[in-house]
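Note that the protein sequences, when read in sequence, are chains R and C. Counted the way our numbering counts, the first sequence spans residues 1 to 633. Counted the way our numbering counts, the second sequence spans residues 1001 to 1301. Cβ atoms here follow ideal geometry from the backbone N, Cα and C, with glycine treated the same way. The structure under discussion appears below in the form of structure tokens.
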Amino acid sequence: MTDPIYKTDALIAQDIDAYLETHQHKTMLRFITCGSVDDGKSTLIGRLLYDSKMIFEDQLAALEADSKRVGTQGQEIDFALLVDGLAAEREQGITIDVAYRFFATEKRKFIVADTPGHEQYTRNMVTGASTADLAVILIDARKGVLTQTRRHSYLVNLLGIKNIVLAVNKMDLVGYDQALFDAIVADYSAFAASIGIESFTPMPISGFKGDNITAPSENTPWYTGPSLLPFLETVELDSTVDQRKPFRMPVQWVNRPNLDFRGFSGLIADGVVRPGDEVRVLPSGKTSTVSRVVALGGDLEAGVAGESVTITLADEIDCSRGQVIVAAKSPLEVSDQFEAAVIWMDEHEMVPGRAYWMKIGAQTVSASIGAPKYEVNVNTQEHLAAKTLDLNSIGVANITTDREIPFAPYTESRDLGGFILIDKMTNATVAAGIIHFSLRRAQNIHWQATDITRDHHAKMKHQKPAVVWLTGLSGSGKSTIANALEKKLARMNRHTFLLDGDNVRHGLNKDLGFTEADRVENVRRVGEVAKLMTDAGLIVVTAFISPFRSERDMVRGMMQPGEFVEVFVDTPLSVAEERDVKGLYAKARAGQLKNFTGIDSPYEAPESPELRIDTTSMTPDEAAEIIIARLIP
Amino acid sequence: MSVKTLTHLQRLEAESIHIMREVVSEAQKPVMLYSVGKDSAVMLHLAKKAFYPSPPPFPLLHVDTTWKFQDMYKLRDKAARDAGMELLVYQNPEAKEKGINPFDHGSLHTDMWKTEGLKQALDKYGFDAAFGGARRDEEKSRAKERVFSFRSANHRWDPKNQRPELWRLYNARKNKGESMRVFPISNWTELDIWQYIHLEGIEIVPLYFSAPRPTVTRDGLLLMVDDNRFPLNPGEEPVMRSVRFRTLGCYPLTGAVESNATTLPEVIQEMLLTTTSERQGRAIDHDQAASMEKKKQEGYF
């Protein structure tokens, strides 16, 4: 059953130097196996480990004992026991997304991403598939193409895996029936074409019996295609394909040991780089020539896709972490608005409009996601209407970044088109994303430069524009303080405008409610209006509960440095509730008002506001004086 | 255009270097845990490559138990000197004062010197990222370990709060007081490590090669009597045997194997033809089922 070519003891024993020489030229393939335990996934992986001799005798002895004790295969070895063990951990509540297994043959080292679980399947599979060159999609020959086969295939295709093996498993249990195999393949072909899978390699196998794993099986004389392991050993690697693309390298780290050396370190995403190559740094667009590809032990003639290198340039041009060095003649697109597929991975659902950190290449920028255009049902691939995305759901949405970034559509480059989103508060990785394309808007709408600048506006008013952002609980005294502040400023002949939370909701924001998403949008709009007013030279005073730190920080980011003055109107909940000027707390406590800040919706106090006003120890007038002292020193 | 096919070792190297550069770019104060074993030797070599011509921009930290082999102490000091890196050695003062040792104190020895010692050292210097040489192939429970592993302010590993790792994008953001352990050689196997040492000519502790050494047997393990602190039974005489070590730790806890392999190819040959897995030689894993998992939650690597 086990082909002797994978047992190399003889060579190892006779000529270790020859063996080492061969093995130093091995390549590496990463692949993912998709299927549930019922499809024999663990058995197949266990079989691959076993046949490639990655099992030591002590492990084998334990395996044989376990097989007799708890195995599901009678007296025979239960290979699944080699890789299981994840179930118990899941019961303990340990989050497992992917377990990685290793084995090697004469030609290749393999890293198998094994994704357990059903509920978390999308998140897990996407994680495992993101680094895979190839996917083995398992089908139980007795059951044929199932909903889960379609789901796995959709995800594999979404993640851009081009090499797909359709392993029709458990052929031993259907009498190695060719007609059945052909029918399953025909069925799958039709489906694969419908979701855009260009090609796949079907194989009739038995992980348990070992048919068509290492060598053609006598049980399937009608099958003339490759066996699994030889196929895995020879399939073309993505890193080889990537080398034929134009050169792209995100700069990870600037290497500056002394004033005479300035190197740019990174992992080459695509292409090849050689001394003398013309390159361009994006987004700045500056060009230069590569001088050296530096390495310990001597400079290299070239660096290729998949290698971590350090290069130096002929000219002293600005280039820092996050920028991308590319072949001068085929630059990347640069944009700040994209359409992307987003896979949500966090318990807390996506908040449209909220700013998240977006990590792409070696760069982290602030980005906000619009409401989903649609959600995709991963089982049926139907498009559904959706207002948000929750754990394990996939949707398509527009994303806006706070600056222009170089990128490539994901289908062209995984490294320059794949990104993650990070929650600014918890720092959790909440989503993975795949850039489809940049929105034409971003390319075509250029900022209209005007002759009368914000400086002119401010000078005519003899003042420095500012936004005084009052934040605090309902009833904390924001509006009262804002009103007192504006009156004092008016007496000092300052040009001001007060944006009040309640008032804005009567007009500009009357379409918004009090859900988390609507609150985020409420604050974003007020931020944009305040920004226009500062451009007009005004001192803007705002009074909004603005309960979330990330949105206040977003508004801060919109303003010129130093123009945003965050004032925390710090009134304890008990005091605000006792004041209850508008009778809202009573309603909220009675359950008549939902999503009320402080009661059933959180208030995130500022960590380092410019000013903190303790309303239990000062009057509104005193508070206004303190703010003025800060504004007009 | 001609294509250069990357070997598995070149791809592993590129990945490890990429991980190290991410940490240096995103952490405030990184450190590399250096245990003098073969995995540490490879990790240190990769760090030299990653930052060349700069020296690696972080110090080495050895959390010492005072019970390592003498040969390990010698190589430790030399390796740091050769790399032009600062070497910090930390010994838990409480363990030192109480005379905690592997003969009398069992698992307390590992808890106090290593687990507690590591936490104390990280706190003392304020390191927020520590490179470790753990590999996923070492043990079943490590197969699912992240490359970036987050620890709370009191160093606990919260298994329910680990982040998915996609593509080559590592999320290294953390809140004040939190830290991360980073495993740049996660995807290397024992064979990869040996092949790389062979190919790159990396210096390793001579204990990995066979030589006549004074040994006694304890609980089925062949132990080397490395100094006169080893309590011999009445009338017991250490026996000279030709032995070597597959992994290195505290000498009273590390089992030797009888061997005639005196060169790297011979060591690799033996490893490939061997019939027991690597961690068999370590007493720590046999304590109890899932012991590694438990130790990790407590803050051990």
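Own chain residues within Cβ distance below 7 angstroms of residue i, not counting five before or after
i         : result
C/Gly1177 : Ala1153
R/Asp640  : Nothing can be reported for residue 640 of chain R: it is not among the residues displayed for chain R, which extend from 1 to 633.
R/Thr619  : none
R/Met559  : Val467, Lys531, Thr534
R/Val504  : Val526
R/Arg579  : Gly475
R/Ser288  : Val279, Leu313, Ala314, Asp315, Ile317
R/Val281  : Ile317, Cys319, Gln323, Ile325
Opening and closing residue of the alpha helix (DSSP H) in which residue i lies
i         : result
R/Ser153  : 147-158
R/Met558  : 549-558
R/Gln178  : 178-194
C/Tyr1125 : 1117-1125
R/Glu404  : Taken as a continuous stretch (DSSP letters only), R/Glu404 belongs to no alpha helix (DSSP H), being part of the beta strand (DSSP E) at 394-407.
R/Gly527  : 516-535
R/Gln243  : 238-243
R/Asp270  : Taken as a continuous stretch (DSSP letters only), R/Asp270 belongs to no alpha helix (DSSP H), as it is neither H nor E.
Residue i vs residue j beta-carbon contact at 8 angstroms
i         : j         : result
R/Val489  : R/Thr496  : One detail in the question is off: residue 489 of chain R reads as Leu in this sequence, not Val. Taking 8 angstroms as the Cβ cut-off, R/Leu489 and R/Thr496 qualify as a contacting pair.
C/Leu1222 : C/Gly1201 : no
C/Ile1100 : C/Leu1108 : yes
R/Ile434  : R/Gly418  : yes
R/Asn522  : R/Asn509  : yes
R/Val279  : R/Val326  : yes
R/Asp114  : R/Arg123  : no
R/Asp553  : R/Arg612  : no
R/Ala386  : R/Tyr374  : yes
R/Leu138  : R/Asn169  : yes
C/Phe1245 : C/Tyr1196 : no
C/Val1031 : C/Phe1051 : no
C/Tyr1073 : C/Gly1117 : no
Beta carbon proximity, residue i to chain C, threshold 8 angstroms
i        : result
R/Gly475 : no
R/Tyr100 : yes
R/Ile111 : yes
R/Lys209 : no
R/Met618 : no
R/Ile12  : yes
Minimum C-alpha distance to residue i - residue among the options
i         : options                                    : result
R/Val342  : R/Val309, R/Asn503, R/Thr388, R/Thr310     : R/Thr388
R/Pro204  : R/Thr364, R/Tyr223, R/Glu198, R/Ala215     : R/Tyr223
C/Leu1272 : R/Val156, R/Tyr121, R/Asp15                : R/Asp15
R/Pro331  : R/Lys286, R/Thr401, R/Val555               : R/Lys286
R/Pro547  : R/Ala588, R/Ala586, R/Gly598               : R/Gly598
R/Ser335  : R/Leu300, R/Thr312, R/Pro283, R/Ala386     : R/Pro283
C/Lys1098 : C/Phe1150, C/Met1112, C/Val1225, C/Arg1241 : C/Met1112
C/Val1023 : C/Ser1149, C/Ile1204, C/Tyr1125            : C/Ser1149
C/Asp1104 : C/Val1267, C/Arg1229, C/Trp1167            : C/Arg1229
C/Leu1191 : C/Ala1014, C/Lys1048, C/Gln1269            : C/Gln1269
R/Lys630  : R/Ile545, R/Leu485, R/Ala371               : The sequence shown places Arg at residue 630 of chain R, rather than the Lys named in the question. Out of R/Ile545, R/Leu485, R/Ala371, R/Leu485 has the C-alpha closest to the C-alpha of R/Arg630.
Contact with chain R by residue i, beta-carbon distance below 8 angstroms
i         : result
C/Trp1157 : no
C/Leu1118 : no
C/Lys1029 : no
C/Arg1241 : no
C/Leu1221 : no
C/Ile1204 : no
C/Ser1054 : yes
C/His1018 : yes
C/Tyr1251 : no
Own chain residues within Cβ distance below 6 angstroms of residue i, not counting five before or after
i        : result
R/Gly303 : Ile268, Val273, Val293, Val309
R/Lys478 : Leu470, Gly472, Ala543, Val569
R/Asn163 : Leu134, Val235
R/Gly644 : Absent from the model: residue 644 of chain R. The displayed extent of chain R is 1 to 633, so no value can be given.
Cβ shell of residue i (< 8 angstroms), same chain only, five flanking positions each side left out
i         : result
R/Pro409  : Gly417, Ile435, His436, Phe437
R/Leu584  : Ser474, Gly475, Leu593, Phe596
C/Gln1070 : Asp1226, Asp1227
Enclosing beta strand (DSSP E) for residue i [first to last residue]
i        : result
R/Gly266 : 263-267
R/Lys487 : That residue, R/Lys487, is in no beta strand (DSSP E); its alpha helix (DSSP H) goes 478-491.
R/Asp38  : Counting along the chain, R/Asp38 falls outside any beta strand (DSSP E), and DSSP gives it neither H nor E.
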